[in-house]
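Notes for the one structure printed next.
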Amino acid sequence: IDEDDVARPQTKLVQEIVISNNSSDTIHLDVKDEIAKRRGFVVTSEPDHVAIPSRTKHIVYVEYTPRMVGIVNTIVSFNFECQSSSSAFAIVRYISVRSGDPDDNAILKPTTKYQRKKIRDNGEFNRPIRMKKNNTNKKRFPFPLLFYDMPPNLRKMIMDGEGSIQTFLTNILYKGQPPPDDLPSDLSPEFSLTNYSKYFRTLLYIEEFQMANDIKSYDLEGAKLERRGKFYSLLVPGLAESRPSVLRGDIIKIICPTREA
817 IDEDDVARPQ TKLVQEIVIS NNSSDTIHLD VKDEIAKRRG FVVTSEPDHV
867 AIPSRTKHIV YVEYTPRMVG IVNTIVSFNF ECQSSSSAFA IVRYISVRSG
917 DPDDNAILKP TTKYQRKKIR DNGEFNRPIR MKKNNTNKKR FPFPLLFYDM
967 PPNLRKMIMD GEGSIQTFLT NILYKGQPPP DDLPSDLSPE FSLTNYSKYF
1017 RTLLYIEEFQ MANDIKSYDL EGAKLERRGK FYSLLVPGLA ESRPSVLRGD
1067 IIKIICPTRE A
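This note's numbering puts the first residue of the sequence shown at 817, with every later residue one more than the last.
Following this line, the structure appears as structure tokens:
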């Protein structure tokens, strides 16, 4: 089936494969279509084991009805054996069916063939000029970032439970006054210049505390390190799915359970 053609779903397609025996001997043909059958193709060769006399032809039909939009690929193997010399060989044919809307394909298909850009060569070699490193071009922060450790009292409230931290956040908004019975879902009217920074700074500390606890769920105990050259290999389940997300340059702490390390 032509690779550039697009067939509509639920349309029956038939491809005719003509096999010619131009030799002076009878050729026995055996069609292997197990893979094609599993993908919905019907290969018709009557019978499956056929003898093709000299200077004659044999036709094999391949039928397929696409169910949905997409591309389906399969292979069909034609195994031949000469009657006189008993020599055998096989020819494998690759079959691809593209299903979709022919009108959309006519609009989206390329109008011209891809041509690789030609590299101009004037026959001269220009020696590269090495530029001197200029340390003044390095990007630096105008002000170094400081460490903002979590306040001990806030850490204790988070560890005590959700009720303590909820009371602390409510006191920030209402300055120690009793809050309303039903807290509104939209707290924007309760914010002011004095409590906005403190409220969201507390939320950031809570998020940092929760992230630190979540990453501990990926701790491995009793893991085995394998030596591979000058490096060590550690099997981490779920690393391919970014659970945990480890990137180049990250620091992984390894502690020997039998001695301090």
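The beta carbon of each residue, even a glycine, is placed where N, CA and C say it ideally should be.
Here the structure is a predicted model, which is why all the values come from computation and not from measurement.
Leu1009 - DSSP class collapsed to helix/strand/coil: coil
The region 910 to 921 / the region 883 to 899 touching (three or more Cβ pairs under 8 Å): yes
Pick from Met975, Asp976 and Phe1007 that is closest to Asn987, judged by C-alpha positions: Phe1007
Close-in-space but distant-in-sequence residues of the same chain around Arg855 (CB under 7 Å, 5 per side omitted): Val888 and Thr890
Beta-carbon separation (whole angstroms), Pro918 vs Val822, contact threshold 8 Å: 5 Å
Top-ranked residue by Cα proximity to Asn921, from Thr881, Ser902, Arg824 and Ile843: Arg824
Between the CA atoms of Lys853 and Val885 - distance to the nearest angstrom: 19 Å
Beta-carbon proximity of Tyr1015 to Leu985, cut-off 8 Å: yes
Continuous beta strand (DSSP E) assignments of at least 3 residues falling wholly in the region 850 to 895: 858 to 860, 865 to 868 and 872 to 880
Bridge-paired residues (DSSP) for Val913: Val888
Cβ shell of Asp841 (< 8 Å), same chain only, five flanking positions each side left out: Ser870, Cys898, Gln899, Ser900 and Ser901
Selected residue, minimal CA-CA separation from Lys972, among Thr881, Tyr1021, Asp846 and Val908: Tyr1021
Cβ-Cβ distance between Gln826 and Thr881 below 8 Å: yes
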